[in-house]
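Remarks on the structure that follows.
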Amino acid sequence: MMRLACCTVLLFLLRLLVGLPWFQVLPSILIFYLGSGGWKFVLIFAKTIRRDLHAAGVLLKVKSNVNRHLKERNTLPKIFAETVRRHGDKTALIFEGTGEKWSFRQLDEYSNRVANLLLQRGFVEGDVVALFMENRSQYVGLWLGMAKIGVEAALINFNLRLEALVHCVTISNAKAVVFGSELTEAVCEVHSSMGKTVQMLCSGDWDPKRVPAGTECLEPLLDAAPTHLPIRPDRCFTGQSINLSNHTQSVYKEPNLDLVSIFLSKMF
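Per mature numbering (1 follows the signal peptide of the UniProt record, and there is no 0), the sequence shown runs over residues -19 to -1, 1 to 249.
Here it is as structure tokens:
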């Protein structure tokens, strides 16, 4: 701030009081700025300009893709199907914890199983399913499968417990909860408060003695579900499909699928 103030004062002195022309004033200000330590800024600028230009290009590209999808009223299945067609065998997900890799085709088949399973169980567009699990590849597949049929995913913060957890599931109006086996204890603590109509599905290591009564193991159900894309009315790219439930115990609804466009557009 001091350097900026000094440069401003010098500008007024040279231009207004001394009467120097601009072609002399500007080089003088630059020399003063560099001489007062401003070279650090120039050095930082030189080191970061390439990165910043690249980031700006990526953002413009994403924004362009978003506008195109909105204009063409593309559906999420259509966008992802095109990505699978072009990059089916390329890696889509890498889970850092285990090194597990999923290709776009594997992700597509898994999400189709999720979508078909939910349709078989009577879920329709606008219904909500809560996801309560730690990070894993299946998390993306579950959300994507729900989005393909218009079912909203309430993404519950896996750090929530007791009243906070019940509150988030309740206000999301979830008809089912898919939870990771690593969070079985947290679910057992609040199961009696979630209501008898909420379907409970456990993903991961299955131990029927540990999970709440009435809970089903998700993996066998998905294995039996078809892998083809479910037939349903087209869902516009602008539809709602995400609820975010965070540590503030609130649920937020995203008005469109801009985040999906970043994942599905030409970044891969």
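Glycine included, every Cβ here is placed at the ideal spot set by N, Cα and C.
DSSP places MET181 in the strand class (E or B) of the three-state scheme.
The closest CA to that of PHE139, considering only GLU81, LEU112, VAL132, MET127, is found on LEU112.
Per DSSP, reduced to three states, the secondary structure at LYS82 is strand.
At the C-beta level, SER162 and GLN119 stay beyond 8 Å of one another. If you draw a straight line from the Cα of LEU24 to the Cα of VAL43, it comes to about 30 Å.
If you ignore the 5 residues before and after ALA157, its C-beta comes within less than 6 Å of the C-beta of VAL110, GLN180, all in its own chain and listed in chain order. Counted as a single uninterrupted DSSP element, the stretch harbouring VAL105 is not any alpha helix (DSSP H), since DSSP gives it neither H nor E. By the criterion of a C-beta distance shorter than 7 Å, LEU98 is surrounded in its chain by LEU202, LEU203, ALA206, once the five residues flanking it on both sides are discounted. In chain order, GLY126, LYS129, ILE130, PRO211 place their CB closer than 6 Å to the CB of ALA96, counting only its own chain and leaving out the 5 sequence neighbours on each side.
Between the stretch 172 to 179 and the stretch 148 to 156 there are three or more C-beta pairs closer than 8 Å, enough to call the two in contact. Of all alpha-carbon atoms in GLY103, GLY78, THR72, the one lying nearest the alpha-carbon of GLU115 is that of GLY78. In the DSSP assignment, ALA157 falls within the beta strand (DSSP E) that extends over 157 to 161.
In this chain, GLU170 is not harboured by any beta strand (DSSP E); it is covered by the alpha helix (DSSP H) spanning 165 to 171. Spatial neighbours of LEU88 in its own chain (CB-CB distance under 6 Å, excluding positions within 5 residues in sequence) are listed in chain order as ALA73, GLY122. When the Cα atoms are used, THR64 and PHE85 turn out to be separated by approximately 8 Å.
Judged by DSSP in its simplified three-state form, PHE139 adopts coil rather than helix or strand. Only buried fits GLU133, as 16 or more other CB atoms lie within 10 angstroms of its CB. Excluding sequence positions up to five before and after THR165, its CB lies within less than 6 Å of the CB of ARG191, VAL192, all in the same chain and listed in chain order. Taking 8 Å as the cut-off, the Cβ atoms of CYS198 and TRP187 count as close. The Cβ atoms of LEU182 and VAL159 sit closer than 8 Å to each other. Its chain contains SER84, PHE85, ARG86 as the residues whose beta carbon lies nearer than 8 Å to that of ASP70, once the 5 sequence neighbours on both sides are disregarded; these appear in chain order. Under a 10 Å Cβ-count criterion, THR56 is classified as buried, with 16 or more other Cβ atoms of the shown protein chains found around its own Cβ. Within its own chain, the residues whose Cβ lies closer than 7 Å to the Cβ of ALA155, once the five positions on either side in sequence are excluded, are VAL109, VAL110, ALA111, ALA135, VAL179, listed in chain order. The residues GLY122, LEU125, GLY126, LYS129, in chain order, have a CB closer than 7 Å to that of SER92 in the same chain once the five nearest residues on each side in sequence are set aside. Residues THR72, ILE75 of the same chain have their beta carbon placed closer than 6 Å to that of LYS82, with the five preceding and five following residues left out of the count.
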